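Notes follow the structure.
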């Protein structure tokens with residue numbers, strides 16, 4: 001069979017947490033990474049905000065690296081001189097932009113201490129925020145289905161591909177689920193559930209606010225956007241007022257349109273009674289929505 | 001596999017080798033071949049028959065079937081049956097006049113008509129039981145016909161007793177339309193007629209009327225052909241007591257005639273509109289099957305392939321020309337056409353989709369004439385493919401059509417295609433409430 005590998009919809013948290021690689025050694029056979037939720041991934045499709053892009057190689061032998069943010073983290077894209085098509089696609093983009101990326105999972109692990117998962121793009125397209133919300137929704141549904149599958153697999157002793165398929169899951173899913181169940185220890189399912197809930201709240205936000213589902217007062221302290229624990233993200237309830245205040249703040253500070261140092265924003269926010277932790281949360285939310293980005297480390301810029 | 005599972009296979013081997021070996025010995029051998037040498041069942045059985053000096057030629061290569069389970073189109077069927085009638089007839093064949101036998105053969109599950117096309121040295125006796133291998137099944141007016149050709153082996157079988165069924169066919173199994181597969185055999189179906197039209201087709205005794213259309217229940221929809229005027233009307237809800245499932249390129253269809261009882265169902269049933277609201281089928285389901293009729297798939301277009309856009313077809317055979325040349329008819333004046341060959345992916349699998357001119361025009365928002373004009377103005381026919389790529393790659397679409405499956409995976413010839421509504425706020429809210437309630 002020469003059947004094309006499906007393009008998985010999953011959040012970067014799940015993708016980046018994959019530490020199980022499958023390589024058959026055969027030429028032209030697909031390689032996979034298996035995620036803790038049992039996705040046996042060769043290809044993914046991601047719609048998010050491209051926040052950064054840089055050439056970490058040289059002009060002669062370029063190596064482009066880019067980051068695409070989803071609601072709770074980022075995917076890394078990479079393309080080198082041997083992927084001229086991917087390079088061309090990436091070079092055309094000017095962050096921040098909403099992009100849809102289709103690509104293959106790549107593992108970069110030069111030694112035991114370094115492991116970086118990235119996507120080698122096959123297709124990159126600019127898109128609008130609607131497609132991004134659609135992708136987030138689809139990804140929530142897909143993630144929930146894997147969570148359900150894994151909870152079934154965990155009840156099996158021993159887990160069996162046939163048994164999982166009998167429950168109606170596709171073959172590739174069942175294979176991944178059994179591999180994941182045998183390999184990963186203590187998978188934090190709750191963290192993934194929380195991630196899905198937070199993402200759903202974000203895309204449903206307006207109408208949910210109207211029916212009073214979000215209690216702004218209950219928010220807890222979260223840390224830096226990238227290190228936010230998934231379980232805490234659930235509580236990331238930021239009011240629109242807070243978002244607006246911060247956006248206004250940055251706008252007023254960024255007179256030349258080149259971005260503002262984070263320290264400046266922190267100082268200015270303090271005067272408005274927003275402390276650093278809270279500010280970090282607001283940054284995380286705005287970045288997740290694609291309204292704010294960090295073009296260079298330590299500087300913030302509005303989209 | 002335990003001894004009980006092996007038992008029918010041991011029976012078959014015993015039949016082929018006769019009394020030369022004991023049953024226990026055959027069982028032990030079969031077990032050894034399967035578990036120690038890990039041969040597949042067929043190879044193991046064949047090997048054992050050969051070893052014990054049985055006629056491996058006479059031995060059925062695949063499992064025997066009951067007559068009631070034989071479907072039209074099966075190219076190699078093996079069975080045991082009782083000859084209920086044997087008639088002789090002379091026909092004009094390619095090599096001059098020849099003799100054929102025809103009649104009825106039956107077992108506990110069905111009585112079927114047969115024709116033996118190669119009669120030289122063949123003796124068929126009414127009332128005798130024969131074991132047949134490599135026969136093939138065709139269909140005539142929605143009934144299964146058995147054919148014994150040059151490859152077919154026929155052996156008299158004095159050991160098997162057969163009680164021919166009084167009812168000349170197996171009772172049809174009640175099924176949901178969504179479950180019907182190419183090999184479902186005979187089924188009982190209840191559904192609403194979504195469409196029906198009369199067609200006149202040429203028959204042996206002159207033109208005849210058939211009625212074909214689409215019937216649907218809450219699980220799916222399927223094309224049907226009715227070989228009599230059952231006064232089926234659009235919107236009727238009917239129960240069809242016995243329909244044969246035929247398959248065209250792996251896509252199942254229903255076929256029924258006088259023998260089917262058609263009952264009109266009163267009471268509440270989903271409306272045509274409700275039944276037409278399509279449920280999306282997962283691509284992985286399609287990949288794992290043999291084909292499907294009239295299904296809708298939703299996913300993202302990941303690629304607009306080469307060969308999409310403005311193409312020119314041979315006026316003779318409709319093949320797409322390569323550099324103005326037809327593979328069969330050489331240099332011809334091509335007829336312009338538009339098409340899209342795309343890869344659509346729903347996260348569970350990838351589906352190749354071919355879309356016709358009408359769909360291409362509507363997705364592109366340009367008529368074929370405008371496309372030709374555009375291509376001429378930039379002097380590049382490939383420009384349209386570029387525009388389609390630009391417009392459709394990474395777009396979410398839903399497509400409806402028939403699906404066939406080959407070694408490259410599932411392929412759909414689309415009948416309809418449209419861009420999806422991307423507003424997910426309401427859906428997200430609904431899902432969120434469900435999740436919060438279940439916590």
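Protein chains in written order, with this note's numbering: chain A, 1 to 303; chain B, 1 to 439.
The beta-carbon is built from N, C-alpha and C at its ideal position, and this holds for glycine as well.
Keep in mind the model is a prediction, meaning the values are calculated, not measured.
**Message:** Considering only the alpha carbon of each residue, which of B:405, B:307, B:313 lies closest to residue 329 of chain B?
**Reply:** B:313
**Prompt:** Would you call residue 317 of chain B buried or exposed, if buried means 16 or more other Cβ atoms sit within 10 Å of its Cβ?
**Reply:** exposed
**Asked** Checking contacts by CB at 9 Å: is residue 308 of chain B closer than that to chain A?
**Response** no
**Request:** Starting from the Cα of residue 188 of chain B, find the closest Cα among B:198, B:175, B:181 and give me that residue.
**Result:** B:175
**Message:** Is there a C-beta anywhere in chain A that falls below 9 Å from the one on residue 284 of chain B?
**Reply:** yes
**Message:** In this structure, how does DSSP classify residue 121 of chain B when only helix, strand and coil are distinguished?
**Reply:** coil
**Prompt:** DSSP puts residue 148 of chain B in a beta bridge; with which residues?
**Reply:** B:116
**Request:** Sort B:74, B:324, B:340, B:394 by Cα distance to residue 333 of chain B and report the nearest one.
**Result:** B:324
**Request:** Could you name each continuous beta strand (DSSP E) segment of 3 residues or more that falls completely within the segment 364-422 of chain B, going from the start of the chain to the end?
**Result:** 396-406, 409-419
**Asked** Taking C-alpha atoms, which residue in A:32, A:26, A:102 lies nearest to residue 172 of chain A?
**Response** A:32
**Message:** For residue 17 of chain B and residue 48 of chain B, what's the separation of their Cα atoms in angstroms?
**Reply:** 9 Å
**Prompt:** Looking at the C-beta of residue 32 of chain A, does it have a partner C-beta in chain B at a distance below 9 Å?
**Reply:** no
**Item:** Collapsed DSSP secondary structure at residue 192 of chain A in the structure displayed
**Value:** helix
**Item:** Local Cβ density within 10 Å of residue 133 of chain B, reported as buried at 16 or more and exposed below that
**Value:** buried
**Cutoff 9 Å: residue 87 of chain A Cβ touching any chain B Cβ** = no
**the segment 364-380 of chain B / the segment 38-46 of chain A touching (three or more Cβ pairs under 8 Å)** = no
**Item:** Whole-angstrom C-beta distance between residue 45 of chain B and residue 9 of chain B, which should lie under 8 Å
**Value:** 6 Å
**Prompt:** Going by the CB atoms, is the gap between residue 117 of chain B and residue 69 of chain B shorter than 9 Å?
**Reply:** no
**Message:** Short of 8 Å Cβ to Cβ, which residues in the segment 165-188 of chain A face chain B?
**Reply:** 170, 171, 172, 173
**Message:** What residue range does the beta strand (DSSP E) around residue 77 of chain A cover?
**Reply:** 73-80
**Prompt:** Going straight from the alpha carbon of residue 372 of chain B to that of residue 45 of chain A, what length do you get?
**Reply:** 34 Å
**Item:** Per DSSP, the bridge partner or partners of residue 174 of chain B
**Value:** B:188
**Request:** Decide if residue 306 of chain B is buried, meaning its Cβ has at least 16 other Cβ atoms within 10 Å, or exposed.
**Result:** exposed
**Prompt:** Does the segment 105-124 of chain B come close enough to the segment 191-206 of chain B to have 3 or more Cβ pairs within less than 8 Å?
**Reply:** no
**Asked** Can you tell which of B:422, B:289, B:393, B:145 has its C-alpha closest to the C-alpha of residue 303 of chain B?
**Response** B:393
**Request:** Figure out for me which residue from A:61, A:263, A:67 has the closest Cα to the Cα of residue 80 of chain A.
**Result:** A:61
**Asked** Under 7 Å Cβ-Cβ, which residues of chain B neighbour residue 3 of chain A?
**Response** 287, 408, 409
**Request:** Taking only beta-carbon positions, decide if residue 303 of chain B is within less than 9 Å of chain A.
**Result:** yes
**Prompt:** Hey, how far is the Cα of residue 224 of chain A from the Cα of residue 77 of chain A?
**Reply:** The predicted position of residue 224 of chain A is uncertain, since its pLDDT is 38 and thus under 50; a value taken from the coordinates is nonetheless stated next. Looking at the two C-alpha atoms, the distance is approximately 22 Å.
**Prompt:** Quick one, which of B:421, B:159, B:238, B:80 has its alpha-carbon nearest residue 263 of chain B's?
**Reply:** B:238
**Prompt:** With burial defined as no fewer than 16 other Cβ atoms inside 10 Å of the residue's Cβ, what is the status of residue 75 of chain A: buried or exposed?
**Reply:** buried
**Item:** Euclidean distance between Cα positions of residue 209 of chain B and residue 97 of chain B
**Value:** 33 Å
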